[in-house]
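> Have a look at this one before I ask anything.
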Amino acid sequence: MAMPVAVGAQSRTETLADIRQELTVLHVEIQKLKRELSTTGGAATATGGGSVIARVNAIESELQRLTANTEELELHINRVVSDGTNRIGDLEFRLVELEGGDVSKLGETSTLGGEAIQGSTGGAAALGGGTAATGEAQTELAIGEQSDFDRAKAELDAGNTAKAAELFSAFQTAYPGGPLSGQAGVLRGQALEAEGDLTGAARAYLDTFSADREGPAASTALYRLGRTLGRIGQTNEACVTLTEVGERYPGSPAVAEAQGTMAELGCS
């Protein structure tokens, strides 16, 4: 009996649930094969390393092990996603409280990782430090977008931080989701920090990170959010956020900065 090829080469887009389902299907086929061997006398046929039924039993045992490992990994990933989402939601809640806003109007925090983006370079590349090419980075600039960004940046470089914060805010309103939006959000946060508006800066960094957690500015925004929380006095939240930088973006230069800030804050 020819065994169906139920677990061929896995595509990169397959989920753990897909793999587990295929393992289950193959396990059923193994059971069918065992029944056929036991009723046709095939179990007594020697094949060098032992009887056919013994080899089938070995394959079945390995399938059971792989299935268990897959389920364990899926549960672990779900726990990480749930914990990360809860942490982000808690930060959003605390920032709204610090700003004196209405926490009842907070929307539901999007699930950590989100949905797969069609045409993206893939999660592995995106998690390499938030610097992988994304759909945002490949989008053409709108008319006037670069010049408006440069004007705001020039004000920041000249030390006119209040004006820079105003221009970057206007830029993000005029070009939401544009190729320079993430960078504008980080620079707006820096301008607000320079003005002494730490709560506003933290909100700017959080908004930038939440808008595109796989974008080129994400790791910097998350690091600066953690550092600003530390300056506000939210040490525990700062340590949690700074730890997330290394876990999410292990290849980013922001990791070293986050580690330095954690040492200054005395994070355990």
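In the UniProt record's numbering, the protein residues as written are 1 to 268. C-beta atoms are modelled at their ideal positions from N, C-alpha and C, and glycine is treated no differently.
Here's a check: name, in chain order, each residue in its chain whose Cβ is nearer than 7 Å to the Cβ of GLN183, leaving out the five neighbours to either side.
Contacts found: ALA217.
> Report the three-state DSSP secondary structure of TYR175 (helix, strand or coil).
Note: TYR175 maps to coil in three-state DSSP.
> Taking CYS239 as part of the alpha helix (DSSP H), name the residues at either end of that continuous run.
Taken as a continuous stretch (DSSP letters only), the alpha helix (DSSP H) holding CYS239 covers 235-248.
> DSSP three-state call for ASN86: helix, strand or coil?
Residue state, collapsed to three classes: helix.
> My assumption, with CB atoms under 8 Å, is that ALA204 sits in contact with GLY226. Please give the rounded CB distance.
With a Cβ gap of about 14 Å, ALA204 and GLY226 do not count as contacting.
> Taking 9 Å as the cut-off, decide whether the C-beta atoms of LEU187 and GLN146 are in contact.
It is not a contact, given that the beta carbons lie outside the stated cut-off.
> Can you tell me the Cβ-Cβ gap for VAL240 and TYR249, rounded? I've got them flagged as a contact below 8 Å.
With a Cβ gap of about 15 Å, VAL240 and TYR249 do not count as contacting.
> To the nearest angstrom, report how far apart LEU206 and ILE232 are at their CA atoms.
Near 14 Å, if we compare the C-alpha coordinates of ILE232 and LEU206.
> By DSSP, does GLY260 sit in helix, in strand, or in coil?
It is helical.
> Take the Cβ of ALA54 as the centre, count every other Cβ of all protein chains shown within 10 Å, and call the residue buried at 16 or more, exposed below.
Result: exposed.
> Residue 281 by DSSP, collapsed to three states: which one?
Shown here, the chain extends from 1 to 268; a query on residue 281 therefore has no answer.
> Suppose you measure from the CA of LEU98 to the CA of ALA211; what does that come to, to the nearest Å?
Looking at the two C-alpha atoms, the distance is approximately 21 Å.
> Who are the near neighbours of LEU229 in its chain, counting only those whose CB is closer than 7 Å to its CB and skipping five residues on each side?
Excluding positions up to five away in sequence, the list reads ALA202, GLU237, ALA238 and THR241.
> Just verifying my parser: in three-state terms, what is the DSSP assignment at ASP212?
ASP212 falls in the coil class under three-state DSSP.
> Which residue marks the beginning of the alpha helix (DSSP H) containing SER252, and which one marks its end?
It is not in any alpha helix (DSSP H) - SER252 carries neither H nor E in the DSSP assignment.
> Short check: CB of ALA154 to CB of PHE168, under 9 Å?
The answer is no: Cβ separation not under 9 Å.
> Considering only residues of the same chain and omitting the five flanking positions on each side of ARG151, which have a CB-CB separation below 7 Å?
Counting only Cβ-Cβ distances below 7 Å, and skipping sequence neighbours, we find LEU167.
> Pull up the CB-CB distance for ALA221 and GLY185, whole angstroms please, since I reckon it's below 8 Å.
With 8 Å as the limit, ALA221 and GLY185 qualify as a contact, their Cβ atoms being about 7 Å apart.
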